[in-house]
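Quick notes on the structure that follows.
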Amino acid sequence: WKKQRLAFTFLFTHTDALLPKAKQSESSGGDFCCDMRQVLRNHLWELGSNTIDESQKGILDWLVKCMDKGWYRFVDVFHPLDSDVDSLRDGIEKFEIEVE
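Have a look at this one:
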């Protein structure tokens, strides 16, 4: 996984169920994706903390690290109304960020 991790992009769709209904109604103008990223990050961290499978833990830890550092070309939330499809596609295709 460590050798190939830069070749993957994880896009999470249909994430509405993870965000409480009250928060969904407050989110507008692109805020939904920002809010959802935080909720998703917390879920991924919790999954990683509770798994005993080291291969799964490595992937989940990598996804959390990407979200913490804002490396959204590796992991992001896609919502058809709130996501900027062009910037998402460009970031994935052009690999615009450098990774340590």
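Numbering (our numbering), first residue to last: 3 to 102.
Using N, Cα and C, we set each Cβ at its ideal position, and we do this for glycine too.
Contact under 7 Å by Cβ, residue i with residue j
i   : j   : result
L62 : L46 : yes
F80 : L20 : no
D84 : C35 : yes
M38 : T11 : no
Simplified DSSP assignment, three categories, for residue i
i   : result
D78 : strand
L13 : strand
S89 : helix
D84 : coil
Residue interval of the alpha helix (DSSP H) (run including residue i)
i    : result
F34  : 33–52
G164 : Beyond the ends of the chain as shown, which are 3 and 102, falls residue 164; an answer cannot be given.
For residue j and residue i, the rounded distance between their alpha carbons
i   : j   : result
D33 : T53 : 30 Å
E48 : R91 : 29 Å
S89 : S57 : 31 Å
K59 : L65 : 10 Å
A24 : T15 : Any reading at A24 must be qualified, since the residue scores a pLDDT of 46, below 50, and its modelled position is unreliable; no value is offered.
Q6  : F76 : 12 Å
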